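If you number the sequence shown the way full-length UniProt numbering does, the last residue is 308 and the count never jumps.
We treat Cβ as the ideally placed atom computed from N, Cα and C, and that holds for glycine.
For clarity, every value in this text was computed on a predicted model and none was experimentally measured.
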Amino acid sequence: FYGSKIVGWGSALPDTVVTNADFEARLETNDAWITERTGIKERRFGGTTSSLAIEASQKALANAGLEPKDIDLLILSTTTPEQTIPATSATVQAELGLNCGAFDVNAACAGFVYAMVLANSMIATGVKRILVVGSDTLSRITDQEDRSTAVLFADGAGAVIMERTELQDNAFLGWDLGVDGSLVPILYCDHGGYMKMEGREVYKKAVLAMVASSKQALERAGIAASDVSLVVPHQANLRIIEAATNRLGIPIEKTAIVLDKTGNTSSGSIPLALVAAAEMGRLQNGDHVLFCGFGAGMTWAAAVIRW
Ligand code: ACO
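Okay, structure coming up:
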């Protein structure tokens, strides 16, 4: 068996910035409500799931100093595939010029952590390098006339490259995945429709799931919450992140936050926050990083890595 580590990263956001003031101009809402309830100030709309995935992947390859031929597998986490058939990862594979297998994973906003856990497991049995991408274009499946969801969801992508290491150098220390399908009715999107959400219910379950899953992953990793250098949470709502990290006993200063500029980009959200933290020099060799996410399903996921 082998271990794995992250050797490259990149992210992509569409050009169009949509501010709270833009919503204020056309919906019965205001900047104060949105900021207070969510922490979001602006978000990006545009691009396609594959175009954002491709841009993030190209940056990750450049960051790692690798070529497309060096990638042995592509896993794309998305909840907004471009077609029912084929998987969007096929388009990404072709555009990037990868010569390897590719498939999509859908675990809603927990999907990127699911994909990293999957990649780690495949690397454990010998795969050398896996490109793990999270890309979503939620603005396409959001009713822009519905103020309760329109202000929350947006578009974006991020990617990491995970590489095989000797087992003793494994950076992937522990993880937890979960789903409670009895909660489908609180957040779903039918084919061709828009997302429907009972926000308050999602909020309550999200905090519980983030805390329980993070504790589980930390315990399996043998890491105390006080030894976490950075939490990279799903970027849905600042209050959810504050409540969850507070219950974990981790100061909010140790949390990567980009949602004020990105809104909720589902699979894109965790890698967007990770890349921003890396670019700001917030990650040092040996740091313990806790990833945690939750999403429709309801799904949840947490993972602990050594940077
Ligand atoms: N502007 C102004 N008022 C609004 C807006 C808005 N944009 N949206 C809703 N309101 C109103 C509601 O109509 C309600 O009015 P009422 O009291 O007259 O009925 C009032 O504000 C309060 O609404 P609540 O839903 O109770 O407000 P809450 O404090 O719960 O905040 C929010 C709503 C932000 C949606 C919160 O519940 C939340 O963040 N929930 C989690 C959502 C989430 O994370 N979803 C993503 C999951 S990940 C995935 O898989 C996609």
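Check	Outcome
Cα-Cα separation between residue 323 and Glu37, rounded to whole angstroms	Residue 323 is absent from the structure shown; the chain starts at 2 and stops at 308.
Per-residue burial, Ser227 [other beta carbons within 10 Å of its own, 16 or more giving buried]	exposed
Spatial neighbours of Ile124 in its chain, beta-carbon cut-off 7 Å, leaving aside the 5 residues before and after	Tyr3, Ser5, Ile131, Met163, Arg165
Strand pairing of Gly48, partner residues [DSSP]	Gly48 pairs with nothing; no bridge assigned.
Cβ contact (3+ pairs, closer than 8 Å) linking the stretch 87 to 100 and the stretch 31 to 48	no
Any beta strand (DSSP E) of 3 or more consecutive residues that is wholly inside the stretch 160 to 197	173 to 180
Whole-angstrom distance between Leu219 and Val232, CA atom to CA atom	12 Å
Collapsed DSSP secondary structure at Asp147 in the structure displayed	coil
Endpoints, the beta strand (DSSP E) within which Val305 is located	300 to 307
Bounding residues of the alpha helix (DSSP H) (the contiguous stretch that carries Leu139)	Counting along the chain, Leu139 falls outside any alpha helix (DSSP H), and DSSP gives it neither H nor E.
Own chain, CB closer than 8 Å to Glu25, minus 5 neighbours either side, in chain order	Asn31, Asp32
Proximity winner among Ser267, Leu74, Asn286, Trp308, relative to Ala155 (alpha-carbon distances)	Ser267
Opposing strand residues paired with Gly200 [DSSP bridges]	Gly200 is not bridged to any residue.
Beta carbon of Thr80 nearer than 8 Å to that of Asn100	no
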